[in-house]
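Residue numbers (the numbering used here): 2 to 261. Idealized CB from N, CA, C, for every residue including glycine. Since we're looking at a predicted model, the values are computed, not measured. Reviewing the structure listed below.
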């Protein structure tokens, strides 16, 4: 079943399901590139590990439906010696330390095992304050100082964008292509919710022909193979929410397809 949206489906951005979307897209991207890179290169799925705690855990799909209430028992027997009224407990959250894994891709040269290109698909953790963003920003800077190319795919409207300099760009989604031989210049593909997700060339060595990544097709395949048409309730607004303008647009789009 195809996605009802022409480009990125905003319902896939929900932090509660993003981990599944992210992992499926990483693997789909790796599989689609494998034959195009042979025999000079191969593509490997790697992962980084870090810990999250406290409020940051809400970014990784932890339920946030606890209700905090305070009630005081006003019924006090006058015959009893009661110093303080009985207070019912309130529900609070304690900081849990959770070990998180985050997958990314590396294109390596077969002969040398050297990393030629790193491909990152950003997660909510990378765009919010905390160890997830700190670790990613540190890695990002190391790549910029190296001979490795970087492809950074941001399909999330929520959170702080990763920095770049030059032209100010306002967009919902971004794909950054940073080639080692053209730094500090990089190519930015900026696009919005109503637009199709653009395809882009995968940077390798300067003498190589760059294979084209059809990201829109890959995202649509994730939606279909992950049965997200059965998992998404289109009668409800997406999380994170849409702007007023986009809400009207999305409502009209979904009504025309009988989903609202």
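By the 10 Å Cβ neighbour count, where 16 or more other Cβ atoms means buried, how is residue i classified, buried or exposed?
i, result
"residue 47", "exposed"
"residue 92", "exposed"
"residue 131", "buried"
"residue 143", "exposed"
"residue 113", "exposed"
"residue 226", "exposed"
"residue 152", "buried"
"residue 14", "buried"
Would you give the residue range spanned by the beta strand (DSSP E) that residue i belongs to?
i, result
"residue 247", "No beta strand (DSSP E) holds residue 247; the alpha helix (DSSP H) holding it covers 245–257."
"residue 108", "99–110"
"residue 121", "116–122"
From residue i to residue j, what distance separates their C-alpha atoms?
i, j, result
"residue 209", "residue 140", "25 Å"
"residue 183", "residue 149", "11 Å"
"residue 157", "residue 260", "23 Å"
"residue 162", "residue 118", "21 Å"
"residue 169", "residue 192", "14 Å"
"residue 9", "residue 171", "17 Å"
"residue 40", "residue 27", "21 Å"
"residue 166", "residue 154", "17 Å"
"residue 146", "residue 30", "25 Å"
"residue 120", "residue 90", "48 Å"
"residue 248", "residue 159", "16 Å"
"residue 229", "residue 204", "31 Å"
"residue 33", "residue 12", "24 Å"
Does any residue of chain C have a CB that is nearer than 9 Å to the CB of residue i?
i, result
"residue 152", "Any reference to chain C falls outside this structure, which holds one protein chain only."
Pick helix, strand or coil for residue i, following the three-state DSSP scheme.
i, result
"residue 22", "helix"
"residue 15", "coil"
"residue 31", "helix"
"residue 49", "strand"
Within the continuous alpha helix (DSSP H) that includes residue i, where are the two ends?
i, result
"residue 153", "Note, residue 153: premise wrong, no alpha helix (DSSP H); beta strand (DSSP E) at 150–155."
"residue 145", "132–145"
*Pick out the complete alpha helix (DSSP H) segments inside the stretch 163–229, 4 residues or longer, and give them in chain order.*
216–226
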